[in-house]
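*Asks:* Here you go, one structure.
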């Protein structure tokens, strides 16, 4: 069992301090759809996650640099985590080989509608992320699905380890060339792959730990073919990494999955799910006041705004929510906006789901703090009477 007292409470980054655990909305292409940076601040968002694979294509690296980096472009003075493109390799090339190929050097692909071939190497991924001004840089990795055969999993692990070593070397060069002092340089995370095989997960984790990264990410698609969280392998992967090192549950954003992974010791989460669900009319609601919720049992539910029963409902989405939508607007009005496809619906619904996630994370932090305090008290009591 991991010693929860050793889990990191905060993460110090060049653009601010993150209280852990934390959920990062995905601004994959440089925007959280339907929201601006002020909306995100109003929701209590501490940081966002972007993706170098998409950003290098649109708006493009030259544009990002001309605009002063991601923070100035996005109008955001808080931390930004950038993902490397490893998952895009999985979704683009491993599932559709006609779009490109994987080599030991990197990935070669042709963007849709373009004759241009792009070669994304580990070195290039790190160079771009550092030049964009990211607070956390994530190594390029070879992502797999848990159902892929063992030889493919083994190949992906070895490639992930090789690429991580090259990313670390390039990152160190970038830090030295830019003269980035401790506290002003980004952190570098490596990703633990291995599918559903414990031996491969251990092999990957041990090799990456030897390289001394600042933190680690959970690699691979986190769900099985039936959409269930891979609870055992996710817990095992966290156990492989020392508790004092932060670990990012990449792609985990379903509320119950976030709670489960936070209890395993994961510290950072990101996903498009809460914002995508909002745009499609699936809204999250606490079953009771979140500040006192145990986060067990039926602690939350989904509200589907397209249901006709909301057509005259004068109540907010949730009596326990303090977001802009719940403070000022009724279910009936939201139902109307949804039915006429007005962009205001996307903004209000997205703010609601993100505020839900922020309050969920606040509750997880409070529960962890109380457990830590209780443990410390019991330990002190034992010393006094031992």
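Numbering (the working numbering), first residue to last: 114 to 499. All C-beta atoms in this analysis are idealised placements derived from N, C-alpha and C, irrespective of residue type, glycine included. Bear in mind the structure is a predicted one, so any value in this text is a computation, not a measurement.
Let me confirm a value: residue 204 is counted as buried when at least 16 other C-beta atoms fall within 10 Å, else exposed. Which label applies?
*Replies:* exposed
*Asks:* Find the nearest neighbour of residue 124 within the set 178, 249, 218, judged by alpha-carbon distance.
*Replies:* For residue 124, the closest C-alpha among the options 178, 249, 218 is that of 249.
*Asks:* Distance check for residue 306 and residue 269, CA to CA, integer angstroms please.
*Replies:* 7 Å
*Asks:* By DSSP, does residue 497 sit in helix, in strand, or in coil?
*Replies:* In this predicted model, residue 497 has a pLDDT of only 46, less than 50, meaning its place in the structure is not dependable; the value taken from the coordinates is given anyway. It is helical.
*Asks:* In its own chain, which residues sit with a C-beta less than 6 Å from the C-beta of residue 196, not counting the 5 before and 5 after it?
*Replies:* 164, 251
*Asks:* Helix, strand or coil, according to DSSP, for residue 354 in the structure here?
*Replies:* Note: residue 354 maps to coil in three-state DSSP.
*Asks:* What's the C-alpha gap between residue 499 and residue 122?
*Replies:* Any reading at residue 499 needs caution, since the residue's pLDDT is 37, under 50, leaving its predicted position unreliable; the model's value is listed next. Taking the straight line joining both Cα atoms gives about 29 Å.
*Asks:* Go ahead and pull the three-state DSSP assignment for residue 326.
*Replies:* coil
*Asks:* Per DSSP, residue 304 forms a beta bridge with which residues?
*Replies:* 330
*Asks:* According to DSSP, is residue 130 helix, strand or coil?
*Replies:* The answer is strand: DSSP assigns residue 130 an E or B state.
*Asks:* To the nearest angstrom, report how far apart residue 114 and residue 255 are at their CA atoms.
*Replies:* The predicted model places residue 114 with a pLDDT of 48, which falls under 50 and marks its position as unreliable; any figure quoted below should be read in that light. For residue 114 and residue 255, the distance between alpha carbons rounds to 29 Å.
*Asks:* Three-state secondary structure (DSSP) at residue 164?
*Replies:* When secondary structure is reduced to three states using DSSP, residue 164 falls in the strand class.
*Asks:* Could you check whether residue 183 and residue 143 sit closer than 9 Å to each other, using their CB atoms as the reference points?
*Replies:* yes
*Asks:* State the CB to CB distance for the pair residue 477 and residue 372, rounded to an integer number of angstroms; the pair is presumed to be in contact (CB under 8 Å).
*Replies:* 7 Å
*Asks:* Just how far apart, CA to CA, sit residue 260 and residue 309?
*Replies:* 8 Å
*Asks:* Identify which residue in 464, 332, 277, 480 has its Cα closest to the Cα of residue 150.
*Replies:* Among 464, 332, 277, 480, the Cα nearest to that of residue 150 is on 464.
*Asks:* Consult DSSP for residue 251 and reduce its assignment to one of helix, strand or coil.
*Replies:* Looking at residue 251 - three-state DSSP - the assignment turns out to be strand.
*Asks:* What's the C-alpha gap between residue 177 and residue 135?
*Replies:* 26 Å
*Asks:* Would you kindly report the start and end of the unbroken alpha helix (DSSP H) that includes residue 263?
*Replies:* 263-291
*Asks:* Secondary structure at residue 243, three-state DSSP: helix, strand or coil?
*Replies:* helix
*Asks:* Report yes or no: do three or more beta-carbon pairs, one from the region 432-440 and one from the region 398-408, lie closer than 8 Å?
*Replies:* Contact between the region 432-440 and the region 398-408 is present, because at least three Cβ pairs lie under 8 Å.
*Asks:* On a Cα-Cα basis, can you pick out the residue from 443, 416, 418 that is closest to residue 427?
*Replies:* For residue 427, the nearest C-alpha among the options comes from 443.
*Asks:* Can the beta-carbon of residue 364 be found closer than 9 Å to that of residue 384?
*Replies:* yes
*Asks:* Counting C-beta neighbours from all protein chains within 10 Å, is the total for residue 429 16 or more, i.e. buried, or is it exposed?
*Replies:* buried
*Asks:* Of the residues 387, 192, 356, 206, which one's Cα is nearest the Cα of residue 298?
*Replies:* 192
*Asks:* Quick one, are the C-beta atoms of residue 340 and residue 317 less than 9 Å apart?
*Replies:* no
*Asks:* Since residue 362 sits in a beta bridge, which residues does DSSP pair it with?
*Replies:* 382
*Asks:* Are the CB atoms of residue 361 and residue 342 nearer to each other than 9 Å?
*Replies:* no
*Asks:* Per DSSP, what kind of secondary structure is residue 158 in: helix, strand or coil?
*Replies:* coil
*Asks:* For residue 105 and residue 394, I'd like the C-alpha separation in whole angstroms.
*Replies:* Outside the shown range of the chain (114 to 499) lies residue 105, about which nothing can therefore be said.
*Asks:* Going by DSSP, which residues form a beta bridge with residue 214?
*Replies:* 221
*Asks:* Give the straight-line distance between the Cα atoms of residue 283 and residue 188, rounded to the nearest whole angstrom.
*Replies:* Rounded to whole angstroms, residue 283 and residue 188 show a C-alpha spacing of 28 Å.
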